[in-house]
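Quick note: the sequence shown uses this note's numbering, first residue 8, plus one each step.
Glycine included, C-beta positions come from ideal geometry on N, C-alpha and C.
From a predicted model like this one, the values you see are computed outputs, not experimental measurements.
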Amino acid sequence: MDAMDTRNSAPPPDESTHFLNIIQAQIARAARLVELPEHVASILSQPKNEIIVNFPVQMDDGSYRLFKGYRIQHNNIVGPYKGGLRFHSDTRLDECKALAMIMTIKCALIDIPFGGSKGGVKCDPRALSEGELMRVTRRFTHALGSNIGPEYDIPAPDVGTNAKIMVWIMDTFMNTAGTTGRNAQTRVVTGKTLECGGSQGREKATAQGLVHCLTEWARDKGTSLEGKTALVQGYGNVGSHTAMILSRMGVSIVGVGDHTGYLLNPEGFNTHRLADHVKKTGSIQGYTTNHSATRDEFFSQKADIFIPAALQNQIGEREAKLMQVQLVAEGANSPTMPEGEAVLLSRGIDIIPDILANAGGVTVSYYEWVQNGRNESWELEEVETRLEHAMKRAYRRVTNYADERSCSMRDAAYGLALLRIKQIYEQRKIFP
Ligand code: NAD
Numbered sequence: 008m009d010a011m012d013t014r015n016s017a018p019p020p021d022e023s024t025h026f027l028n029i030i031q032a033q034i035a036r037a038a039r040l041v042e043l044p045e046h047v048a049s050i051l052s053q054p055k056n057e058i059i060v061n062f063p064v065q066m067d068d069g070s071y072r073l074f075k076g077y078r079i080q081h082n083n084i085v086g087p088y089k090g091g092l093r094f095h096s097d098t099r100l101d102e103c104k105a106l107a108m109i110m111t112i113k114c115a116l117i118d119i120p121f122g123g124s125k126g127g128v129k130c131d132p133r134a135l136s137e138g139e140l141m142r143v144t145r146r147f148t149h150a151l152g153s154n155i156g157p158e159y160d161i162p163a164p165d166v167g168t169n170a171k172i173m174v175w176i177m178d179t180f181m182n183t184a185g186t187t188g189r190n191a192q193t194r195v196v197t198g199k200t201l202e203c204g205g206s207q208g209r210e211k212a213t214a215q216g217l218v219h220c221l222t223e224w225a226r227d228k229g230t231s232l233e234g235k236t237a238l239v240q241g242y243g244n245v246g247s248h249t250a251m252i253l254s255r256m257g258v259s260i261v262g263v264g265d266h267t268g269y270l271l272n273p274e275g276f277n278t279h280r281l282a283d284h285v286k287k288t289g290s291i292q293g294y295t296t297n298h299s300a301t302r303d304e305f306f307s308q309k310a311d312i313f314i315p316a317a318l319q320n321q322i323g324e325r326e327a328k329l330m331q332v333q334l335v336a337e338g339a340n341s342p343t344m345p346e347g348e349a350v351l352l353s354r355g356i357d358i359i360p361d362i363l364a365n366a367g368g369v370t371v372s373y374y375e376w377v378q379n380g381r382n383e384s385w386e387l388e389e390v391e392t393r394l395e396h397a398m399k400r401a402y403r404r405v406t407n408y409a410d411e412r413s414c415s416m417r418d419a420a421y422g423l424a425l426l427r428i429k430q431i432y433e434q435r436k437i438f439p
């Protein structure tokens, strides 16, 4: 093999460790709230398995490049490990650990029989050709081997991955895992295309679930979403679908942003046209020359609702002080830092926490997994009815528990999830 470019092997800097510490501290806080036994809190403070793979891929120009991939399996007491795969140049071990922990808590909260995992490849998918992206995906899947599986650990799309990538994973897994029960192996991943075993409603499920939370929030405030204004940070799967659903409900999307910059328009954006532009070009850049804004201007913009739908740790103390909204609904995982949350809450700004607000995606992933297992294909209406019921039920449970315990919605959501996990550990005990 030629000399390889090993630029992806740099040691991780501290930001992802800080992210992990935030999630560990959040779990510890909720553990105290629900009096979780010390040994269970200790089990949950670290992942069960940390898989790191380095694998070579031949690039289009004939050179070879070494890629680093992760799969972190946090906990499977509730059911098989479940969590997304992130293709991003900043993907790091501790980030995957934090995100896997969030998945365990999210699945327990929304009451589906899955544990938590997360993974990804350190790469910039936008800088890869279609062929390179496919080879990275296939080699990564091969390197993971039997560490994933339909009854063991089930990946799904996350930042930088999509239905097409899930289908390549499925195909690689089916071609390498032996012939027995090959059809049953389609459910090794969720979030697939409809033609290859995906579920109706999965693509927009995270956004739809978030909108159900927003509807309940408005109902509690004695109002409706119609006529409200919203800011959306991130215009990928979660951000664009949320913006499009909300605009159909009469919400004006007055600001959007992504990795290329920010746009503000008091008249509201045409969310569908913007989504088409992003699909074609990969970002919001170049959509319009009239409305560009700085990041600070975006965060300072007055609106009713702020929807972070990009990456973690976007709302720190500084951003929280700038914000002029009534509600932050967390489409992204962990977008609000603890210092930011303290400022928002002290200013009377509500927060619908990630593990509730974005749980629609994994919920419909569960429906996809069930459908694949039964060789069924549910109508969109059935998926949507089930999702609405699951989201609104979880929302009620969280608000009721927050009232009962006089705590934040985040502490309530984490607390309820831990109570479920606690019951299972109480009955199963620890092997041997
Ligand atoms: P995506 O890759 O489709 O979109 C990510 C968006 O974030 C893009 O618009 C990108 O430009 C933007 N972005 C990236 N870096 C940024 C930066 N530094 N500043 C501003 N914007 C930036 O990913 P997605 O699937 O929509 O995921 C977004 C968030 O939602 C992530 O936190 C993810 O973990 C979470 N989430 C996704 C799902 C799902 O079903 N896809 C489910 C639950 C949670």
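- Sequence-distant partners of L135 (beyond 5 residues in either direction) whose C-beta falls short of 7 Å from its own C-beta, in its chain, are V143.
- DSSP, read as helix, strand or coil, puts Q430 in helix.
- The beta carbons of V218 and I252 sit closer together than 7 Å.
- DSSP places K55 outside both helix and strand once states are collapsed to three, so it counts as coil.
- By the 16-neighbour rule on beta-carbons within 10 angstroms, E411 is exposed.
- In this structure, the beta-carbon distance from M141 to K125 does not fall below 7 Å.
- Under the DSSP assignment, R354 falls outside any alpha helix (DSSP H); it carries neither an H nor an E label.
- Within a 10 Å sphere around the beta-carbon of R226 sit fewer than 16 other beta-carbons, which makes this residue exposed.
- Listed in chain order, the beta strand (DSSP E) elements of length 3 or more contained wholly in the region 187-259 are 236-240.
- Assigned with DSSP and collapsed to three states, Q321 falls in coil, not helix or strand.
- Spanning the alpha carbons of K211 and G368 requires a straight line of approximately 8 Å.
- Straight-line measurement puts the Cα of E42 at about 13 Å from the Cα of S49.
- Looking at I117, K113, L116, H81, the one whose alpha-carbon comes closest to that of C103 is H81.
- For the pair F305 and V332, the CB atoms are not nearer than the 7 Å cut-off.
- Counting along the chain, D160 sits inside the beta strand (DSSP E) bounded by residues 160-164.
- Contact between L116 and A401 holds, since their C-beta atoms are separated by about 6 Å, short of 8 Å.
- In terms of Cβ geometry, K75 and K129 form a close pair [threshold 7 Å].
- Residues of the same chain with a CB within less than 7 Å of the CB of C203, apart from the 5 flanking positions on each side, are V174, M177 in chain order.
- Closest in C-alpha terms to T183, from the list R145, C220, K235, comes R145.
- Judged by pairs of C-beta atoms under 8 Å, the region 227-246 touches the region 256-270, as three or more such pairs exist.
- Contact annotation, W376 with I161: C-beta distance approximately 6 Å; criterion of less than 8 Å satisfied.
- Taking the C-beta atoms as reference points, Y77 is found no nearer than 7 Å to G122.
- For the pair A150 and F94, the CB atoms are not nearer than the 7 Å cut-off.
- In the structure shown, D265 adopts extended strand secondary structure according to DSSP, grouped into three states.
- Note on the region 60-138: whole beta strand (DSSP E) runs with a minimum of 3 residues are 71-82, 88-95, 123-129, in chain order.
- In this structure V239 touches A316 by the C-beta definition: roughly 6 Å separates them, less than 8 Å.
- Within a 10 Å sphere around the beta-carbon of Y71 sit fewer than 16 other beta-carbons, which makes this residue exposed.
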